[in-house]
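As structure tokens, the structure follows; a few thoughts come after it.
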Amino acid sequence: MTQMNMLQAINNALDTAMAADERVLCFGEDVGVFGGVFRATSNLQQKYGKARCFNTPLVEQGIIGFANGLAAQGSVPVAEIQFADYIFPAFDQIVNESAKFRYRSGDLFNVGGLTIRAPYGGGIAGGLYHSQSPEAYFAHTPGLKIVVPRNPHQAKGLLLAAIHDLNPVLFFEPKRLYRASVGEVPDEEYRLPLGEAEVLKEGTDVTVLGWGAQMEVIEQAVDMAEKDGISCEVIDLRTILPWDVETVANSVFKTGRLVVTHEAPLTGGFAGEIAATIQERCFLYLESPIARVTGMDTPFPLVLEKEHLPNHLKVFEAIRSSVDF
Amino acid sequence: MTTTKSRVVYTPSFTDGAEFRIPTFKVLKQDGSLYKGAKAPALDKDKALRIYRTMVTTRILDERMLAAQRQGRLSFYMQCTGEEAAVIGSAAALDDADMIMAQYREQGALAYRGFTIDEFMNQLFGNELDYGKGRQMPVHYGSKKLNYMTISSPLATQIPQATGYAYGQKLAGDGHCTITYFGEGAASEGDFHAALNMAAVQRVPVIFLCRNNGYAISTPAAEQFAADGVAPRAYGYKMDVIRVDGNDVLAMYEATKAARSLAVEHNRPVLIEAMSYRLAAHSSSDDPSGYRSKDEEAVWREKDPILRMRLWLERKKWWSEDEEKQLQETMRREVLETMKRAQKRPPPPLETLVTDVYDEVPPALAEQYEKLKAHIRRYPDAYPKSAEHAKGGA
Ligand SMILES: Cc1ncc(C[n+]2csc(CCOP(=O)(O)OP(=O)(O)O)c2C)c(N)n1
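Chains A and B, in that order, give the protein sequences.
Residue 152 in the numbering used here sits at position 152 of the first sequence, and the numbers go up by one each step.
Residue 486 in the numbering used here sits at position 161 of the second sequence, and the numbers go up by one each step.
Right under this line is the structure:
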């Protein structure tokens, strides 16, 4: 075990994967000698050479198109998109190509080896082009997996699982926690299951669900709620697609209430999908409407980002209204 | 139908991309004298001094604002140090009504058009007077009045937009063109290629100005492209192209003037590649010591474009030591005073969270806004910037 922040854990996961399998490659804008603008790929070029860890030209559609080809060939590319906000030039390659490679060829070809890493989310004074949480756009696309870690231990275990998974995986990293989240991380290789949510805390009155950086927010909100005598069950979804309906539904059967939170705007956000599915599964058990605490239906602001973000106070209020309904 | 009318050969005959080499246009030597055979552009004293003052102003603004960022007054900043001649020399060659669509490092072009230090500061601090209403990070300037399109962070998106804007200008027949600036890194994006191709096919009056400053964050040009820079790509699209010493303000001015005539008078899109160097860090969040040497930077510091122009002006007796001292002092003072003023101004009102998403606030968003206001009233201490507005707001 070593104390690491989330960036070090990601770096360590990449190092572990590259050491174990020479088919694993890392590339993207500035990932080479510089180690990426956040330093997630530090020292990898020095250690594994320029053929396996390199700077690409500044073209996201090129990065993912290249990665698709490479994965189809049997390599295991881990492509970095510098900010999730800049994944959209590669949208066509991800949504029309990565996601459908296996399906359209009857599994003659697939890009299962592909992993795409991108820092996402707000709270860093990044304004509208360095703060977005685009998971819902991709969640609408069958054929992809979408994973979001909440701390260093999760980051390493989930990233290694993503790299070894036989499907294309989008791995969204909460950049607000890159340095802020520190914890014990095993030195050896380990994988955490994709598609499984984790129950972080058991409770009886209300289920509070989120992912990534919102888990910290939930923790604070739940502390406040528990002081008011509300018993919360806390779940980290971890994988957005395919998501773990069983774990969430089982929790709601018990608590009868659900609060879902994410940073992305309300309308069309993934919380909507969760709410629809859970009300279908758990309708007769629900004691109150499923609450969504999200960003507003606006682009991400700069000066007023605090107002825009679903913080612990907003989540706390939703927990309380849900219980008081 | 194919438009290719090429010669036929009967053995495989390849053309190496390396054959496309484009010369560099220079006028001014570092000591302020002209190269043999070069001619200074027709620049009167007033205009020359306006260009020079803008270069100095931009440099001072950059130095001060980087220092302000280091002191924690400002969240972020980006300098254009080393590239003042490329940006300001080209902007000076345009008509004030021509549209400028920049990348983010072109504060010099905006300053040349008359954006005041106050206006710069309001954007940098995102206060209530910022035209962008505090929504974008620092340096994302825009001015309708000065025909300077508001900056968008996603790289290269403005390049095809420039082609479209200029096509509209051509249809309007108003005799104006659009210039778009971008880095050699951004020129790798698909948007760049789409923009040039469409401009050439439709014969659009647009000037594509690539600031080749050697680096895209940490990525050196050699890892950006294998060819001789960005300029040769114009051949593939059948477009006029010129490569210019980007630290030579006279060459930049002259080349852009000529490019503007081609664009406006003949509807020929033009690519200009300005060869320069990003003397500063990429941004205030970057540390160039991680990817390049001090020695390399020193070589380029010797080629300072501002000093080069100053020496030329002094040779012409248009500028003196005293005037330089005075300009430096007044600008430094003005920048500091304006900064203090801008910093004290309140943030934009809470309402700006929901306006301008559409022409009118849609019902669902209006509802979210009402909820937010009620929430802020409940926890005013948690939202100090907007609590005042929420209290007062109906
Ligand atoms: C589509 C997109 N991808 C990535 C980024 C992140 N980014 C911001 S600036 C930059 C480098 C740009 O280099 P260049 O175009 O050469 O301009 P310079 O900074 O050198 O002036 C990168 C990668 C972005 N803003 N947009």
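Glycine residues also receive a C-beta, built at the ideal position from the N, C-alpha and C atoms.
Exposed or buried, residue i, counting other C-beta atoms within 10 Å across all chains shown (16 or more means buried)?
i, result
"A:Asn96", "exposed"
"A:Arg102", "buried"
"B:Lys698", "buried"
"B:Ala719", "Confidence in B:Ala719 is poor, its pLDDT being 38 and thus under 50, which makes the residue's placement too unreliable to answer from."
"B:Glu654", "exposed"
"A:Asp85", "buried"
"B:Val624", "exposed"
"B:Val333", "exposed"
"B:Pro705", "exposed"
"A:Gly49", "exposed"
"A:His130", "buried"
"B:Asp620", "exposed"
"A:His140", "exposed"
"B:Ala691", "exposed"
"B:Ala481", "buried"
"A:Lys314", "buried"
"B:Arg658", "exposed"
"A:Met1", "exposed"
"A:His312", "buried"
"B:Leu386", "buried"
"A:Glu202", "exposed"
Taking 7 Å as the threshold (beta carbon to beta carbon), is residue i in contact with chain A?
i, result
"B:Pro672", "yes"
"B:Met656", "no"
"B:Ser540", "According to the sequence provided, residue 540 of chain B is Tyr. The question's Ser does not apply to it. Output row for B:Tyr540: interface = no."
"B:Ala719", "For B:Ala719, the predicted model reports a pLDDT of 38, less than 50, meaning its position is unreliable; a value from the coordinates is still stated below. No, no contact with chain A."
"B:Pro613", "no"
"B:Ala520", "no"
"B:Thr503", "no"
"B:Leu678", "yes"
"B:Glu590", "no"
"B:Gln355", "no"
"B:Thr544", "yes"
Taking a contact to mean a Cβ-Cβ separation below 7 Å, would you say residue i touches residue j in this structure?
i, j, result
"A:Ala213", "A:Arg176", "yes"
"B:Met403", "B:Ser608", "yes"
"B:Thr488", "B:Ala524", "yes"
"A:Arg117", "A:Phe171", "yes"
"B:Met634", "B:Pro594", "no"
"A:Arg238", "A:Val260", "no"
"B:Val555", "B:Ala512", "yes"
"B:Gly571", "B:Ala422", "no"
"B:Val529", "B:Ala491", "yes"
"A:Val234", "A:Val208", "yes"
"A:Phe316", "A:Ser288", "no"
"A:Glu263", "A:Gly127", "no"
"B:Glu408", "B:Thr383", "no"
So, does the CB of residue i fall closer than 7 Å to a CB anywhere in chain B?
i, result
"A:Thr298", "yes"
"A:Pro77", "no"
"A:Phe91", "no"
"A:Gln61", "yes"
"A:Ile319", "no"
"A:Val303", "yes"
"A:Phe316", "no"
Residue i bridges to which residues according to DSSP?
i, result
"B:Tyr473", "B:Ile425, B:Ser468"
"A:Ile235", "A:Val199, A:Leu209"
"B:Ile532", "B:Ile504, B:Val595"
"A:Pro174", "A:Tyr120"
"B:Lys665", "In the DSSP output, where bridge partners are listed per residue, B:Lys665 has none listed."
"A:Val185", "A:Thr2"
"A:Cys53", "A:Cys26"
"B:Phe517", "Answer is none; B:Phe517 lacks a bridge partner."
"A:Leu230", "Sequence inspection shows Ile at residue 230 of chain A; the Leu mentioned does not correspond to that position. For A:Ile230, which the question treats as bridged, DSSP gives no partner whatsoever."
Contact the segment 8–16 of chain A vs the segment 144–161 of chain A: 3+ CB pairs below 8 Å: yes
Cβ contact (3+ pairs, closer than 8 Å) linking the segment 684–693 of chain B and the segment 462–480 of chain B: no
Contact between the segment 214–228 of chain A and the segment 648–664 of chain B (3+ Cβ pairs under 8 Å): no
Cβ contact check for the segment 390–399 of chain B and the segment 340–359 of chain B: 3 or more pairs under 8 Å: no
Stretch pair the segment 638–645 of chain B + the segment 581–589 of chain B: three plus CB contacts closer than 8 Å: no
Cβ contact check for the segment 41–59 of chain A and the segment 17–27 of chain A: 3 or more pairs under 8 Å: yes
Any 3 or more C-beta pairs closer than 8 Å across the segment 65–77 of chain A and the segment 142–152 of chain A: no
Stretch pair the segment 259–273 of chain A + the segment 284–299 of chain A: three plus CB contacts closer than 8 Å: yes
The segment 438–458 of chain B contacting the segment 668–681 of chain B, beta-carbon criterion three pairs below 8 Å: yes
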